[in-house]
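Trainee:
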Amino acid sequence: MSGLTTATTAAKRLLLGRPFRSDRLGSQLLPKRIALPVFASDAMSSVAYAPQEIFLVLSVAGISAYALAPWVGLAVAVVMVVVVASYRQNVHAYPSGGGDYEVATVNLGRNAGLTVAAALLVDYVLTVAVSVAAAAENIGSAVPFVHDHKMAFCLIGVALVAALNLRGVKESGVLMAAPTYAFIAGMIVMLVWGFVQLLLLDRDLEASSARYELAAEQNQLTALAMVFLVARSFASGSVALTGVEAISNGVPAFQKPKSRNAASTLLMLGLLSVVFLMGVVVLAQKLHTKYVLDPQSELRGLPEGYQQKSVLAQLAETVFAGFPAGFYVMTAVTALILLLAANTAFNGFPVLGSVLAQDRYLPRQMHTRGDRLAFSNGIVFLALAAMAFLIAFDGEVTSLIQLYIVGVFVAFTLSQIGMVRHWSRLLAGESDPDARRRMIRSRIVNAVGMMLTGTVLVVVLVAKFTAGAWIAVAVMVALFALMKLIRRHYRKIDQELAIATELDDGVLPSRTHSIVLVSSLLLPTVRALRYARATRPDVLEAVTVNVDDRKTRTLVSQWEDSDITIPLKVIASPYRDVTRPVINYVRRIRRDAPRDVVMVFIPEYVVGHWWEHILHNQSALRLKTRLLFEPGVMVTSVPWQLVSSGRIAERAEAAYIAPGDTRRGFTGRDHDR
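Taking this note's numbering, I'd label the letters of the sequence shown as residues 556 to 1228.
1) What runs of the alpha helix (DSSP H), each 4 residues or longer, lie entirely inside the stretch 1123-1164?
2) Which value, in whole angstroms, describes the spacing of the CA atoms of Ile-694 and Leu-623?
3) Does the stretch 733-741 touch the stretch 892-899, meaning 3 or more C-beta pairs lie closer than 8 Å?
4) Taking only three categories from DSSP, how would you classify Ala-897?
5) What number of angstroms, rounded off, separates the C-alpha of Val-646 from the C-alpha of Leu-1176?
6) Specify the secondary structure class of Pro-1194 as computed by DSSP and reduced to three states.
7) Short of 6 Å in beta carbon distance, which residues of its chain neighbour Glu-1057, apart from the five on each side in sequence? Order them along the chain.
8) How many angstroms separate the CA atom of Val-1125 from the CA atom of Ser-931?
9) Would you say Asn-662 touches the ligand MG, meaning its beta carbon is less than 7 Å from a heavy atom?
10) Buried or exposed: Ser-828, going by 16 or more other Cβ atoms within 10 Å of its Cβ?
11) What is the residue span of the beta strand (DSSP E) that Thr-1067 lies within?
12) In angstroms with no decimal places, state the Cα-to-Cα distance between Gln-1173 and Val-1098.
13) Please determine, among Ala-697, Leu-822, Arg-787, the residue with the shortest C-alpha to C-alpha distance to Ala-616.
14) Can you tell me which residues form a DSSP beta bridge with Val-671?
15) If you check the beta carbons only, do Asp-655 and Ser-970 fall under 8 Å apart?
16) Count the CB pairs spanning the stretch 792-807 and the stretch 817-837 that are closer than 8 Å, and state whether there are at least three.
17) Tell me which residues share the same chain as Met-921 and place their Cβ nearer than 8 Å to its Cβ, disregarding the 5 neighbours each side in the sequence.
18) Does Ser-1065 pass the burial test, meaning 16 or more other C-beta atoms within 10 Å, or should it be called exposed?
19) Whose CA, out of Ala-632, Gln-869, Thr-1191, Asp-1104, lies closest to the CA of Ser-1128?
20) At what residues does the alpha helix (DSSP H) containing Glu-1017 begin and finish?
21) Would you say Val-1015 and Ala-673 are within 8 Å of each other, going by their C-beta atoms?
22) In the DSSP assignment, what are the bridge partners of Glu-1096?
23) My output table needs one value for Leu-842: the three-state DSSP class, helix, strand or coil.
24) Output needed for Gly-712: all residues of its chain with C-beta closer than 8 Å, excluding positions within five of it in sequence on either side, in chain order.
25) Using 8 Å as the threshold, is the stretch 961-969 in touch with the stretch 751-763, meaning 3 or more CB pairs across them?
26) May I ask which residues mark the beginning and end of the alpha helix (DSSP H) holding Asp-655?
27) Between which two residues does the alpha helix (DSSP H) holding Ala-765 run?
28) Take Gly-834 as the anchor and find which of Val-888, Val-806, Arg-766, Trp-748 has the nearest alpha-carbon.
29) Here's a check: name, in chain order, each residue in its chain whose Cβ is nearer than 8 Å to the Cβ of Ala-762, leaving out the five neighbours to either side.
30) Given Pro-988, which residues of its chain have a CB within under 6 Å of its CB, disregarding the five upstream and five downstream residues?
31) If you follow the alpha helix (DSSP H) that Ala-780 is part of, which residue opens it and which one closes it?
32) CB-CB under 7 Å to Arg-991, same chain, minus the five flanking residues each way: which ones, in chain order?
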């Protein structure tokens, strides 16, 4: 066991680095240049899959429907602008990190807040799953090996991003900065050079898929069917808005002034996302790009072994024709930022989980920071949940996106309703004209956001419910109920303890009855007897269970020949069980004297090898486990350190030495002075 523990500790230190002191939390705060890649990579990277989802849905109506793609993209961009403007109000009004959850709870009540929390938790999980699956799809466009082993790539990708975040928020942000800014630069170069070739150089550019025809154009769609199709296309394209809410949840991670830096980062995020989204949609439409669900059945004239590339890969391939390095670089940075876009969720989910744990809606362990001052339990839980979704949906982006976006628009809508009530409440008590004007302006912004996000939520639910969104809704409902049950449990425990405190009334036990469990007369038994006597109990006795007549007679004979004055009581056990006779004996003492406290002393060996645990202490472990459930009984382990345990003590002392202490001449004992 000790070797395994040492190996585990060494691996943990290699993976995560040395632990941080609590007073270093301030040094982990993020400047804007690092906060942008940490919190904004999700929303910016969504241009790698949001436009192609628009084209995929419109392809059902044939090539003529692609003319609607820029208008659908423009509608998504308008919603993006309004949501960003609305959330800039949120980060100023509620900078504590609760984000939408805090806004809804404070202004709409606990149930509304818990609804938002459940929606966001599910959406964060899907953010990781969709981002990593999209990364696999994009890099698979250039590397067939990744395409053929997509699931393994997805699972390894989630594990790597989780490990990166376990090292700490600031460190993961520094590592993310380069690929995020490389993606921004690559997108700007690709879009600018693409439009320059089209508009200024008058080149006739066409995507690789432009030469193929859509097999089953449905030109006879009714007006109602076409409206529904456009609505579904808009709903799929709205995934571009995911990640906006992460900044409002992550305000505490920013350097001071926190709210202003968060609002500035949010503005930069909005501008870049809108430009990239519209640029990709318009450029893809100009290049006659096609993207369908099943190329083999929906496209005519395909060569044998055709592999459909993502929309962004097709654009890069066409724009950088004659310069293959440009295509590969763009594909690489796109795949990398998609992989790292999951980092947004890995920053938002643990913080929200910590807030919920503090409010007792999640297990308290979610509120605990790990060695590197990150919320380690939340990070691990998020990684496992995302892996489960990836496995369940075979890593398919289109399938996962059907579950996506519902949660985030539930949060958007309830948050904006809450902000409208927030400003209305403040206006009721504000008399300063300038302050009132600012509040009225903010309320108008949030009111517009409320109406727009509410409308989009209805569209998303109607358009995507039967396609898979119902699964996300069902998970949210289940999570909502689970968090209610967790809070009820904690509240019940508090009430139980409070009642016990009132009934206790400071009354001490009448007597203490101590029992030392004995199996043989060896040094550990003698130590346990001496320790029990030192506690000065009213009654002290040694107890052994007779499971072997010969050994019991030998023990009794040794006991009588020794100078031990403590009486030895032998308990019969006709079925050779140790645990049940001891439990029954303790219960009999408690029944005869209910106000007495029974203290059971159990000698135990402290060993140094994992295999020694198998050979020792099994009876002691079973007894302790059972006795802990007996009222009025206290269990004390009396350790006896075997020689092999010394190696563990030496390693523990060595582990206490901080990095570099040996070089400077310090030892573990120097830390204690």
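Ideal placement from N, C-alpha and C gives every residue a C-beta, glycine not left out.
Mentor: Let's see:
1) Fully enclosed alpha helix (DSSP H) runs of no fewer than 4 residues occupy 1134-1147 of the stretch 1123-1164, in order along the chain.
2) As a position in the sequence shown, residue 694 is number 139, starting the count at 1. As a position in the sequence shown, residue 623 is number 68, starting the count at 1. So the two alpha carbons sit approximately 28 Å from each other.
3) With a cut-off of 8 Å, the stretch 733-741 and the stretch 892-899 count as touching, because enough Cβ pairs lie within range.
4) Translated into positions along the sequence shown, residue 897 becomes position 342. Helix at Ala-897.
5) Here residue 646 is taken as the residue at index 91 of the sequence shown, counted from 1. Here residue 1176 is taken as the residue at index 621 of the sequence shown, counted from 1. About 52 Å.
6) If you number the sequence shown from 1, residue 1194 lands on position 639. In this structure, Pro-1194 counts as strand in the three-state DSSP scheme.
7) By one-based count along the sequence shown, residue 1057 stands at place 502. In this prediction, Glu-1057 scores a pLDDT of 49, lower than 50, which makes its location untrustworthy; the coordinate-derived value is nonetheless stated afterwards. Excluding sequence neighbours, Glu-1057 sits near nothing in its chain.
8) As a first step, residue 1125 must be located in the sequence shown, where it is residue number 570. As a first step, residue 931 must be located in the sequence shown, where it is residue number 376. Linking Val-1125 to Ser-931 through their CA atoms gives a straight-line distance of about 50 Å.
9) The model depicted lacks the ligand MG and carries no ligand whatsoever.
10) The sequence position of residue 828 within the sequence shown is 273, counting from 1. Answer is buried; the Cβ neighbour count reaches 16.
11) In the sequence shown, residue 1067 corresponds to position 512, counting from 1. If you look at Thr-1067, you'll find it in the beta strand (DSSP E) that goes 1067-1072.
12) Reading the sequence shown from its first residue, position 618 is the one you call residue 1173. Reading the sequence shown from its first residue, position 543 is the one you call residue 1098. Taken atom to atom, the span from the alpha-carbon of Gln-1173 to that of Val-1098 is near 18 Å.
13) The count along the sequence shown starts at 1 and reaches residue 616 at position 61. Taking each of Ala-697, Leu-822, Arg-787 in turn and checking the Cα distance to Ala-616, the smallest one comes out for Arg-787.
14) The sequence position of residue 671 within the sequence shown is 116, counting from 1. According to DSSP, which records beta bridges pairwise, Val-671 is partnered with nothing at all.
15) Position 100 of the sequence shown holds residue 655. Position 415 of the sequence shown holds residue 970. Yes, these two residues count as a Cβ contact at 8 Å.
16) A contact exists between the stretch 792-807 and the stretch 817-837.
17) Counting from 1 along the sequence shown, the entry for residue 921 is found at position 366. Around Met-921: Pro-905, Gly-908, Ser-909, Leu-911, Ala-912, Phe-930, Asn-932, Gly-933, Phe-936.
18) Translated into positions along the sequence shown, residue 1065 becomes position 510. The residue is exposed, with fewer than 16 neighbouring Cβ atoms inside 10 Å.
19) For this step, residue 1128 is matched to residue 573 along the sequence shown. Nearest option by C-alpha distance: Asp-1104.
20) Along the sequence shown, read from residue 1 onward, the residue named residue 1017 stands at position 462. A small fix is needed here, since residue 1017 is Val in this sequence, not Glu. Run containing Val-1017: 988-1019, per the alpha helix (DSSP H) assignment.
21) The sequence position of residue 1015 within the sequence shown is 460, counting from 1. The sequence position of residue 673 within the sequence shown is 118, counting from 1. Going by beta carbons, Val-1015 and Ala-673 fall outside the 8 Å limit.
22) Taking the first residue of the sequence shown as position 1, residue 1096 is located at position 541. Bridge partners of Glu-1096: Ile-1070.
23) The residue labelled residue 842 in the question sits at position 287 within the sequence shown. Three-state result, Leu-842: coil.
24) As a position in the sequence shown, residue 712 is number 157, starting the count at 1. For Gly-712, where only same-chain residues beyond five positions count, the Cβ hits under 8 Å are Val-687, Ala-690, Ala-691, Leu-894, Ala-897.
25) No contact exists between the stretch 961-969 and the stretch 751-763.
26) Within the sequence shown, numbered from 1, the residue matching residue 655 stands at position 100. Membership of Asp-655 in the alpha helix (DSSP H) is indicated by the continuous run 654-663.
27) Residue 765 sits at position 210 when you count from the first residue of the sequence shown. Under the DSSP assignment, Ala-765 falls outside any alpha helix (DSSP H); it carries neither an H nor an E label.
28) In the sequence shown, the residue the question calls residue 834 occupies position 279. Of the candidates Val-888, Val-806, Arg-766, Trp-748, the one whose C-alpha sits nearest the C-alpha of Gly-834 is Trp-748.
29) To locate residue 762, count along the sequence shown from 1; it is residue 207. So the list reads Ala-839, Leu-842, His-843, Thr-844, Lys-845, Gln-869, Leu-870, Glu-872, Thr-873, once near-sequence residues are dropped.
30) Here residue 988 corresponds to residue number 433 of the sequence shown, with the count starting at 1. Correct list: empty, nothing qualifies.
31) Working through the sequence shown from its first residue, we reach residue 780 at position 225. First-last of the alpha helix (DSSP H) with Ala-780: 778-792.
32) Here residue 991 corresponds to residue number 436 of the sequence shown, with the count starting at 1. Counting only residues of its own chain and dropping the five nearest sequence neighbours on each side, Arg-991 has a CB closer than 7 Å to the CB of Leu-982, Glu-985.
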